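Peer 1: Heads up: the sequence shown at position 44 corresponds to 44 in the numbering used here, and the numbers run straight through without jumps.
We treat Cβ as the ideally placed atom computed from N, Cα and C, and that holds for glycine.
Bear in mind the structure is a predicted one, so any value in this text is a computation, not a measurement.
Attaching a single structure in structure tokens format; questions to follow.
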Amino acid sequence: MKFTGPFSMASMLSMVDMIVGSSSPPFNDVIQVEAVLSHYDEDISWIDDVRKEEGSSIQYTVYSKNNLTRPVESIQLPNVGRESHTYLHHIVQN
Numbered sequence: 001m002k003f004t005g006p007f008s009m010a011s012m013l014s015m016v017d018m019i020v021g022s023s024s025p026p027f028n029d030v031i032q033v034e035a036v037l038s039h040y041d042e043d044i045s046w047i048d049d050v051r052k053e054e055g056s057s058i059q060y061t062v063y064s065k066n067n068l069t070r071p072v073e074s075i076q077l078p079n080v081g082r083e084s085h086t087y088l089h090h091i092v093q094n
């Protein structure tokens with residue numbers, strides 16, 4: 001499958017559901033999905049709407065590099081690098 005262009009969070013989650021839901025997990029393991037967001041100065045209030053739609057099955061981790069407008073439920077990172085720094089930090093730490 002080849003995807004190009006920008007996607008909304010809902011369409012990304014739909015693709016994850018399509019891929020994960022296509023086969024049952026081995027040995028009755030529970031499949032966990034985590035969405036990692038990199039924030040600086042963007043409005044991420046949309047995440048509340050997605051949480052309501054999706055229920056509690058998806059874990060959301062928000063990293064912010066902005067001290068002034070940092071969302072309440074976010075993890076503070078120094079403002080170095082770009083979003084790739086945030087995602088690499090998450091992968092290495094988890």
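Quick one: using the 10 Å Cβ neighbour count with 16 as the cut-off for buried, is residue 84 buried or exposed?
Peer 2: Counting Cβ neighbours within 10 Å, residue 84 comes out exposed, since fewer than 16 surround it.
Peer 1: Could you please give me the residues that DSSP links to residue 34 through a beta bridge?
Peer 2: Partner(s): 59.
Peer 1: Determine, using beta carbons only, whether residue 60 and residue 70 come nearer to each other than 8 Å.
Peer 2: Contact flag unset, no.
Peer 1: Suppose contacts are defined by Cβ-Cβ distances below 8 Å. Is residue 75 in contact with residue 92 by that definition?
Peer 2: Against a cut-off of 8 Å, the Cβ pair of residue 92 and residue 75 comes out as no contact.
Peer 1: Mind checking whether residue 66 and residue 40 have CB atoms under 8 Å apart?
Peer 2: Their beta carbons are under 8 Å apart, which means residue 66 touches residue 40 by this criterion.
Peer 1: Can you give me the start and stop residues for the alpha helix (DSSP H) that residue 40 sits inside?
Peer 2: Run containing residue 40: none; DSSP gives neither H nor E here.
Peer 1: In whole angstroms, what separates the C-alpha of residue 38 from that of residue 53?
Peer 2: Their backbone Cα atoms lie some 21 Å apart in a straight line.
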